[in-house]
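Colleague: In order, the protein sequence lines correspond to chains Y and F. Mapping of the first sequence onto our numbering: position 148 corresponds to residue 152, and the numbering continues sequentially without gaps. Mapping of the second sequence onto our numbering: position 153 corresponds to residue 410, and the numbering continues sequentially without gaps.
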Amino acid sequence: MLTMTTLRAFNCDDLFKFNNINLDPLTETYGIPFYLQYLAHWPEYFIVAEAPGGELMGYIMGKAEGSVAREEWHGHVTALSVAPEFRRLGLAAKLMDMLEEISERKGGFFVDLFVRVSNQVAVNMYKQLGYSVYRTVIEYYSASNGEPDEDAYDMRKALSRDTEKKSIIPLPHPVRPEDIE
Amino acid sequence: MAARGHVQDPNDRRLRPIYDYLDNGNNKMAIQQADKLLKKHRDLHCAKVLKAIGLQRTGKQDEAFTLAQEVANLEPTDDNSLQALTILYREMHRPELVTKLYEAAVRKVPTSEEYHSHLFMAYARVGEYKKMQQAGMALYKIVPKNPYYFWSVMSLVMQAISAQDEKLSHTMFLPLAERMVEKMVKEEKIEAEAEVQLYFMILERLGKYVEALEVVRGQLGEKLTSELQSRENKCMLLYHQLKHWPECNALSCKLLLKNPDDWQFYLSYFDSLFHLIDQSWTPPEEGDHCTEGEVHCSVSQAISFVEERLAAEEAKESRPLRGPYLARLELIRRLRQRSCSEEQQLGEPLELMFQYFVKFGDKPCCITDLKVFLELLMPDQYVQFINRLTEAVPLGEAGEDDVALPGDTRALQRHLCVAQLGRCLGLQHALDTDGKLALIRELKIHYHHGLQFGKNCLKTELQFSDMYCLMAAHVYVDLWMETGNEQMLWQCLGLLEEGLSHSPSNAQFKLLLLLLFCRLGAFEPVVDLYSSLDAKHVQHDTIGQLFHRQCFFIQTRKMNRLNNSLHFAQVRTERMLLDLYLEADISSTLEESVKSMSLCPEEDDIPWDNIRDNRDLTVFVSWNPKDRQLNEEHRQRSVEEEALWLKIRSVTLRLVGCLSGLCHPPSVRNSEKTTENGVAAKPSTLQPLLSQMESTLSQAAQFTERHSQHQYPILGPPSTRLAQALASGSCQCQLSALQLPIHLQELEAAGLDQSAELQAQISNLFKSLTVQLQDTLNKCKGDLLEVKDGRCKAQPSLLENLVYFVETICVVLWVSNYCGSTLRPLKSSLQKKKKKKKDATAVTPVVLSGFQEFTSSLQSLLSQALEHIKGQESHLTALKMESLSLEGLSQTEEEGAFTKTVMDKVQSSYLRSLQEIGDLLRKRVDTLKSLKI
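#1: Any contact of the segment 56 to 73 of chain Y with the segment 596 to 612 of chain F, i.e. 3+ C-beta pairs under 8 Å?
#2: Expressed to the nearest angstrom, what Euclidean distance is found between the alpha-carbon atoms of F:L786 and F:K767?
#3: Within 8 Å (strictly less), CB to CB, does F:L583 reach chain Y?
#4: Listing by chain order, which chain Y residues have their CB less than 8 Å from the CB of F:S762?
#5: Identify the continuous beta strand (DSSP E) that holds Y:A68 and give its terminal residues.
#6: I need the straight-line Cα distance from F:S853 to F:L995, nearest angstrom please.
#7: Could you tell me the distance, in whole angstroms, from the CA atom of F:L719 to the CA atom of F:R698?
#8: So with CB distances below 7 Å, who are the chain F contacts of Y:K170?
#9: State buried or exposed for F:L592, treating a residue as buried only when at least 16 other CB atoms are found within 10 Å of its CB.
#10: For Y:V52, which of Y:E151, Y:A156 and Y:L99 has the nearest alpha-carbon?
#11: Give me the chain F residues within the contact set of Y:I106, using Cβ-Cβ distance strictly less than 8 Å, ordered along the chain.
#12: If you measure between the beta carbons of F:L1123 and F:G1039, is that distance less than 8 Å?
#13: CA-CA distance, F:L1194 and F:V878?
#14: What would DSSP say about F:L512, mapped onto helix, strand or coil?
#15: Shortest alpha-carbon distance to F:D791 belongs to which of Y:Y34, Y:E59, Y:R165 and Y:D101?
#16: Report back the beta-carbon spacing between F:L376 and F:V363 to the nearest angstrom; my notes put them in contact at under 8 Å.
#17: Is it the case that the Cβ atoms of Y:V115 and Y:H78 are separated by a distance below 8 Å?
#18: Give the residues from the segment 769 to 791 of chain F that approach chain C closer than 9 Å (Cβ to any Cβ), ordered along the chain.
#19: Which residues mark the beginning and the end of the alpha helix (DSSP H) in which F:M458 is found?
#20: Which residue's Cα is closest to the Cα of F:T548: F:A584, F:L513, F:E504 and F:L588?
#21: Compare the C-beta of F:V410 against all C-beta atoms of chain Y and say whether one is closer than 8 Å.
#22: Is F:S844 helix, strand or coil when you go by DSSP?
#23: Give the interface partners of Y:R165 over in chain F, defined as CB-CB distance under 9 Å, in chain order.
#24: Short of 9 Å Cβ to Cβ, which residues in the segment 72 to 93 of chain Y face chain F?
#25: Applying a beta-carbon distance threshold of less than 7 Å, which residues of chain Y neighbour F:W520?
#26: If distances are taken between C-alpha atoms only, which option among F:C1037, F:Q1109, F:K1036 and F:Q1052 comes closest to F:E1043?
#27: What is the rounded straight-line gap between the Cα of F:H350 and the Cα of F:I310?
#28: Does the distance from the C-beta atom of F:P782 to that of F:K716 stay below 8 Å?
#29: Y:N11 to F:N516, Cα distance in whole Å?
#30: For F:V629, return the contacting residues in chain Y, with the cut-off set at a CB-CB distance below 7 Å.
#31: Distance cutoff 8 Å, beta carbons only. Does F:P274 sit that close to anything in chain Y?
#32: According to the neighbour-count rule (16 or more other Cβ atoms, all chains shown, within 10 Å of its Cβ), is F:W747 buried or exposed?
#33: In the DSSP output, which residue or residues are listed as bridge partners for F:P663?
#34: Can you find the residues in the same chain that come closer than 8 Å, C-beta to C-beta, to F:V453, ignoring five residues on each side of it along the sequence?
#35: Would you mind sorting F:W865 into buried or exposed? The rule is 16 or more other CB atoms within 10 Å of its CB.
#36: Report the rounded CA-to-CA distance for F:V414 versus F:I459, giving the unit in angstroms.
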């Protein structure tokens, strides 16, 4: 990998300069309270990469959730995006690696994420990083402009605590958004 | 909804249907069901609250509130009522009432952990930090759990952060918080990582860096595990604060050995190194250099350190990391700053950058990496450097058009990088017009050729060659700015449209199109483009402002409320002004309109001292050389300009608000004494506001004069409407108009008999206002868009001036309405007197005839304006874009088609603006009738 960046905790001011990353058709921009909620609860899971010239290159935002007793305690990737000019550097992989490492330390069983079925670039990247499709969530992404809603893949990667890799055995049937916890 | 408590409770069973109705949005049924239940069980308080929720949700706020207070006054202690009331108060936006509720509950059930914690959270929602602290301690006394104790500590820190008096924070809140944590540390009761984090935060705020360092490096620091490298990062921060350069250096070294690609540690390594050199620091004779290990304290050590990192990369099988290569350049830069001759040991920058390009030139980030170090080249090396790089780009044989092209995307990226570097070095700017046109041609060939590599790209992906297109657009803009040749602008717009057709998600194309359309005053395409950017939430604040210029007749989008944002204040002010221009005295009276937007002229609610500039001025990709880039001076000047403009607009708005307070419907005016009914308090705000306007306008005039020669870079902030509004004369004209009421109030007090001088003065003001309005209108005349010699020329400033004229007319008409309402009773009482005296020969008082003259001048001004608009409309409609010749434009037919599309868009946008302005003016003409006295 050749990321060559400064990786640091995301802070509130970054919200005012992450346009070059978020002006991407597949990157969602949420309301400020949503980001603040992540900054408040899971600051360790919100990491931004900065180039030597000060440009924001990309960021990852995630959280830890699920029941430990049911072996569902896991890390979740809520957002991962890299600005166009900093793609093809392995930055996304680096950020994912960090999120997995944090989840390992928290004793998570796996890491999961949702991705648009159509977003082949991302799906392939996650596969390369060791993720597999655990289940399909029907019409998870609602479309605004009259186009049909889009399905999501729920992709997972087992962490070392899940020695038998039970958490990633694919479900035989797709599920609906209301059925996921 | 609310938790339902224990299943066994019969009340729960009774309430269940109401909950269900509320959950399903069936509020009416919920109310009915609650009423039914209350008939049988009068004491079932929760049913009342649920009914209140139903009422609240059906818009009956007052009823809901009364009902809720009935229950609240009983100080309920059952879960159901408490939780339902909490929900209701939240929906009413009255979180402070929740605190009262749980204060009472806690009083009645002092041992309830649950109620105490609800009380704590209720205080948190309203920011009552002191009460939070007490509630936290009360809770800890009932249930000695660590989190409760630390809630209390955190509340102290919040008090420290929010305290106006910094001294109080440092002498009281923070030391108290520190002691509270220390107590737990001594008793070895620290459990969670968050507790250590909080301790660290307190010490850091107190400036107790030594103590903080002890915590991080000690046993407690072992708890800091969730963040990666949490301890190391915190130590580094503290070493910097404490100027512990040996430790800082040694730790950076260690971290770089672990990860030779983390830029921040190179920076701290170099920082600490040079501090150590400056201090002539030497390591101790024996033992460790410092607690963090080995320290580098000489240039030669640093050079070998960087070279070792490089050697490690070179030896690797896998692709090398970029960090060490850039670190070498960074070290050269720092050595050069210190005029340190040892830099030569690291090599010649040109050669090193060339090598970097050979290794990483096929990465899109190569340009951002190298851009930072271009200053290491001497100006006479620029051409040599670019030539050297060009030789290293694998291109095929030159085709018919004499341009050699890349065979794959890697070669394309390399070639593109050279072009980007050339632009950064100013080589493109140095070309003459023909040179630039040739460059554009070449870039376009590369752009079109590169499209083949992205045939399979999804709509959401960018094309590999998009940046060529953007760069060609930039060169067009350069030409346009330099030569004033508008053809360059039109072709640029056409090219960007073409780019967008191949790469519909390219935000940079859209941003530049937006910027240029705004410059042209063509807002129809702006709306579509902006919505296709899919900007949301905070992005409106950071990007939106760049385009919210002059969007007078375009619906402003609903903006995210970022309270202290400059942009937010601007949008809100403009929105209110726009509503008034469009509606006041047309669909409702000015007074009603002002009232409905709860505008309070006495109050300036813009937080001038804390206003924040949230614009993201870096959103545009640019490869301009440093001296042409946006700098801090531009940014500051732009903020100053924006604030001035906002001030003018907000004072205008408040003046109009004031004016509306002066206007009375005739019936009220006759039946009540105007000087005593409280409204008379208003004029006292009018005069100070007028003075404020006067001084702001003179400040603004000075500002524009001072900066008239200094434009912002085109990819920087757009200028506000300030300069043009001043030049159009509209601001001055509005001020003159708004001064009239003061004089009319004097006249009202003096009466018509004893006021010849005052009347003459007012008449003269009417006359001069007419002249000013005519001047402003004259500045609108001319063709918005014309085709001459097969070339298209736009004059957007005429449209802008027309908008100022209309805004001014609106203000003048409101003032006239007030004048009319003041003069009318004076006239009628005069006529009564006349009748009594049967004196028909008496002359009409000067002020009355003056006003009549004035209104008829207004009539003719409006007709003139409408005539002009009608003329422009038919002129625009008749314009045949087809007649434009494309000769000499070196455009292909396809390119020409895109350019024409752009022209059509501008034409149609102008037409629509004219129609909307015309519609408004016609409605305003109708209000003239009511000015008869």
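Don't be surprised by glycine CBs; every beta carbon is placed ideally from N, CA and C.
Modeller: Walking through what the data contain:
#1: Judged by Cβ distances under 8 Å, the segment 56 to 73 of chain Y makes no contact with the segment 596 to 612 of chain F, as fewer than three pairs qualify.
#2: As a first step, residue 786 of chain F is located in the second sequence; it is residue number 529 there, counting from the start. As a first step, residue 767 of chain F is located in the second sequence; it is residue number 510 there, counting from the start. Each residue's alpha carbon lies about 6 Å from the other.
#3: In the second sequence, residue 583 of chain F corresponds to position 326, counting from 1. Chain Y contact via Cβ: present.
#4: The sequence position of residue 762 of chain F within the second sequence is 505, counting from 1. Listed along the chain, the chain Y residues whose CB falls inside 8 Å of the CB of F:S762 are D28 and P29.
#5: On the first sequence, residue 68 of chain Y is found 64 positions in, with the first residue counted as 1. Membership of Y:A68 in the beta strand (DSSP E) is indicated by the continuous run L60 to E69.
#6: Your numbering for residue 853 of chain F matches position 596 in the second sequence. Your numbering for residue 995 of chain F matches position 738 in the second sequence. Rounded to whole angstroms, F:S853 to F:L995 spans 22 Å at the Cα level.
#7: Here the question's residue 719 of chain F lines up with position 462 in the second sequence. Here the question's residue 698 of chain F lines up with position 441 in the second sequence. Their Cα atoms are separated by approximately 22 Å.
#8: As a position in the first sequence, residue 170 of chain Y is number 166, starting the count at 1. Here the premise fails: no neighbours, minimum Cβ distance about 25 Å.
#9: The residue you call residue 592 of chain F lines up with position 335 of the second sequence. Buried, by the Cβ-count rule.
#10: Your numbering for residue 52 of chain Y matches position 48 in the first sequence. Considering only alpha carbons, the answer is Y:L99.
#11: Start at 1 with the first residue of the first sequence, and residue 106 of chain Y comes out as number 102. Against chain F, the beta carbon of Y:I106 has neighbours under 8 Å at S483, E484 and L485, listed in chain order.
#12: Counted from its first residue, the second sequence places residue 1123 of chain F at position 866. Counted from its first residue, the second sequence places residue 1039 of chain F at position 782. Going by beta carbons, F:L1123 and F:G1039 fall outside the 8 Å limit.
#13: One cannot answer for residue 1194 of chain F here, as it falls past the ends of chain F, which runs 258 to 1190.
#14: Counting from one through the second sequence, the residue named residue 512 of chain F turns up at place 255. Residue state, collapsed to three classes: helix.
#15: Looking up residue 791 of chain F in the second sequence gives position 534. Of Y:Y34, Y:E59, Y:R165 and Y:D101, the residue nearest in Cα terms is Y:Y34.
#16: Along the second sequence, one-based indexing puts residue 376 of chain F at 119. Along the second sequence, one-based indexing puts residue 363 of chain F at 106. Yes, they are in contact, since the Cβ atoms of F:L376 and F:V363 sit about 5 Å apart, within 8 Å.
#17: In the first sequence, counting from the first residue as 1, residue 115 of chain Y sits at position 111. In the first sequence, counting from the first residue as 1, residue 78 of chain Y sits at position 74. Taking C-beta atoms as the reference points, Y:V115 and Y:H78 count as a pair closer than 8 Å.
#18: The displayed structure is made up of protein chains Y and F, and chain C is not among them.
#19: Within the second sequence, numbered from 1, the residue matching residue 458 of chain F stands at position 201. Unbroken alpha helix (DSSP H) run through F:M458: E450 to R462.
#20: Counting from one through the second sequence, the residue named residue 548 of chain F turns up at place 291. Per the Cα distances, F:E504.
#21: One-based indexing of the second sequence puts residue 410 of chain F at position 153. Taking Cβ atoms only, chain Y never reaches closer than 8 Å to F:V410, which makes this a no.
#22: In the second sequence, residue 844 of chain F corresponds to position 587, counting from 1. When secondary structure is reduced to three states using DSSP, F:S844 falls in the coil class, being assigned neither helix nor strand.
#23: Residue 165 of chain Y sits at position 161 when you count from the first residue of the first sequence. At a beta-carbon threshold of 9 Å, none of the residues of chain F lie near Y:R165; the nearest stands roughly 15 Å away.
#24: Along the segment 72 to 93 of chain Y, going in chain order, the ones with a CB nearer than 9 Å to a CB of chain F are P88, E89, F90, R91, R92 and L93.
#25: As a position in the second sequence, residue 520 of chain F is number 263, starting the count at 1. Simply M8, T9, T10 and P56.
#26: Here residue 1043 of chain F refers to the residue found at position 786 of the second sequence. The residue with the shortest Cα to Cα distance from F:E1043 is F:Q1052.
#27: Locating residue 350 of chain F in the second sequence gives position 93, where the first residue counts as 1. Locating residue 310 of chain F in the second sequence gives position 53, where the first residue counts as 1. Rounded to whole angstroms, the separation of the alpha carbons of F:I310 and F:H350 is 13 Å.
#28: Indexing the second sequence from 1 puts residue 782 of chain F at position 525. Indexing the second sequence from 1 puts residue 716 of chain F at position 459. No; because the gap between Cβ atoms is not below 8 Å, this pair is not in contact.
#29: For this step, residue 11 of chain Y is matched to residue 7 along the first sequence. For this step, residue 516 of chain F is matched to residue 259 along the second sequence. In the sequence under discussion, the amino acid at residue 11 of chain Y is Leu, which differs from the Asn named in the question. So the two alpha carbons sit approximately 11 Å from each other.
#30: Position 372 of the second sequence holds residue 629 of chain F. Listed by position along chain Y, the residues whose Cβ is nearer than 7 Å to that of F:V629 are P56 and G57.
#31: Mapped onto the second sequence, residue 274 of chain F falls at position 17. Cβ-Cβ to chain Y under 8 Å: no for F:P274.
#32: Counted from its first residue, the second sequence places residue 747 of chain F at position 490. Label assigned to F:W747: buried.
#33: Looking up residue 663 of chain F in the second sequence gives position 406. The beta-bridge partner set that DSSP reports for F:P663 consists of F:L652.
#34: Mapped onto the second sequence, residue 453 of chain F falls at position 196. Apart from sequence neighbours up to five positions away, the residues of its chain that approach F:V453 with a beta-carbon distance below 8 Å are I447, V472, L477, G478, K480 and L481, ordered along the chain.
#35: Taking the first residue of the second sequence as position 1, residue 865 of chain F is located at position 608. It counts as exposed.
#36: Within the second sequence, numbered from 1, the residue matching residue 414 of chain F stands at position 157. Within the second sequence, numbered from 1, the residue matching residue 459 of chain F stands at position 202. Using only the alpha carbons, I get a separation of about 7 Å.
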